[in-house]
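The opening residue of the sequence shown carries number 184 in the numbering used here; numbering runs sequentially from there.
C-beta: ideal position from N, C-alpha, C; glycine also.
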Amino acid sequence: DGAGGVLRERPGREVVLCSGVGLQLAMRFIRLYSAVARGEEKPVVAAKRILTETLTKKMVGCFLNGPGADEFPQVLPPVEIPDGVKHVQPLDVTLAGPLAALRVAQVEALGGPATLGQTIAARTRLGKNLGSLEEEEFAVAVLGWAARFADAPEFTDELGTSRAIEWLLSQHAMDASFSLVLGGNPRAPKNVFAAASRAATTLELERLQRSGQRFLPNPAGVRGFLKKGVLAPFGSPYDAEPEWIKMFGMQRNYSGNSPNSWHGDEYERCELEEAFMKDTSRMRRATVRIDEILSFDYLQHVGQEMANCLRVERRGGASLMKYMSRAKTRESS
């Protein structure tokens with residue numbers, strides 16, 4: 184999938200690496216193709232067992248009998264050599280993969296046009312990986328909703344369409360009871376697109392989680408959460424100098440960009456910070472977001488936002504490499 188960077192052994196010989204997620208996904212499609220070619224079981228049975236149980240006979244038929252499915256491709260899919268670990272494959276490479284073909288087939292089987300399926304496969308998380316049974320069941324419902332309203336004027340905007348699909352998926356990820364039906368009627372595209380537009384910033388953060396090199400989710404199944412209305416101190420304990428420092432004409436020696444007492448790999452207690460955390464005059468209502476870091480791009484974003492050791496400029500990027508190695512070996516996420 185090009186999301187694992189590239190190794191250059193010598194000029195003209197590049198080895199494109201695959202992320203752990205991409206490698207697992209590729210193996211599932213290989214197993215499906217092998218089972219169908221050997222005639223071991225019916226295609227729909229094999230697809231349900233290997234890919235996802237949400238597939239129907241019509242979806243599998245559209246997938247296996249798509250354009251050019253009856254002959255070996257004369258022109259191989261395009262290959263893009265990544266520039267580094269932050270590389271993101273162009274859309275034509277993504278659309279040449281089997282997962283994109285599967286999503287297009289699902290949309291067509293649900294009565295939508297292939298162009299809609301291509302937009303969804305190329306620009307949303309559905310073109311990155313197959314989810315759990317619960318996630319795929321809701322994904323099929325979303326695809327059916329999009330296919331039903333494909334002729335609505337809102338769907339002429341590819342960016343708006345992808346954002347609307349992402350918003351629906353993210354709402355269900357946060358609240359399993361979220362439904363595409365309100366008062367017995369499907370959600371109106373106009374309202375969904377408007378809500379997605381308002382949540383553009385949050386959706387961009389979620390996009391970063393699927394950009395660049397991707398990490399596998401934690402095997403324990405621990406999930407993040409969003410909590411609103413939490414009382415937390417705002418500002419910085421270093422905003423104002425203590426009176427005794429001003430009296431002697433001194434200046435505190437600290438890094439203005441560091442939000443805590445981080446020194447290398449150790450955290451030292453700081454009375455000033457502890458007092459700041461208990462100062463009720465600084466308390467405000469806040470939103471707390473706990474996320475599992477699932478990509479190299481998001482790892483850097485978190486480091487930049489929190490001004491900590493995960494920034495590239497800190498220690499020559501050594502901390503980034505340390506956390507990447509931990510994520511790859513599943514020691515940390």
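Asked	Found
Which residues DSSP lists as bridging residue 397, in chain order	478
CB contact flag (residue 322, residue 295, <8 angstroms)	no
Segment contact, 8 angstroms Cβ cut-off, at least three pairs: the stretch 243 to 250 with the stretch 282 to 293	yes
N-terminal and C-terminal residue of the beta strand (DSSP E) that residue 415 is part of	408 to 416
Residue closest to residue 370, alpha-carbon to alpha-carbon, out of 383, 397, 335	335
The stretch 344 to 361 / the stretch 297 to 314 touching (three or more Cβ pairs under 8 angstroms)	yes
Neighbour-count burial assignment, residue 545, 16 or more Cβ in a 10 Å radius	In the structure displayed, the chain extends from 184 to 516; residue 545 sits before or after that span and is not available.
Candidates 484, 205, 418, of which the one nearest residue 465 by Cα	418
Counted within 10 angstroms of its Cβ, other Cβ atoms place residue 268 as buried (16 or more) or exposed	Per-residue confidence for residue 268 stands at a pLDDT of 47, beneath the threshold of 50, marking its modelled position as unreliable; the derived number appears in the next sentence. Answer is buried; the Cβ neighbour count reaches 16.
Chain-order list of residues whose beta-carbon lies under 8 angstroms from that of residue 338 (same chain, five-residue window excluded)	299, 329, 332, 344, 372
Option in 452, 207, 411, 352 with minimal Cα separation from residue 386	352
Rounded straight-line distance, which links the Cα of residue 487 to that of residue 469	20 angstroms
Contact set for residue 241: own chain, Cβ-Cβ below 8 angstroms, skip 5 residues either direction	292
Residue 301 and residue 326 closer than 8 angstroms at C-beta	no
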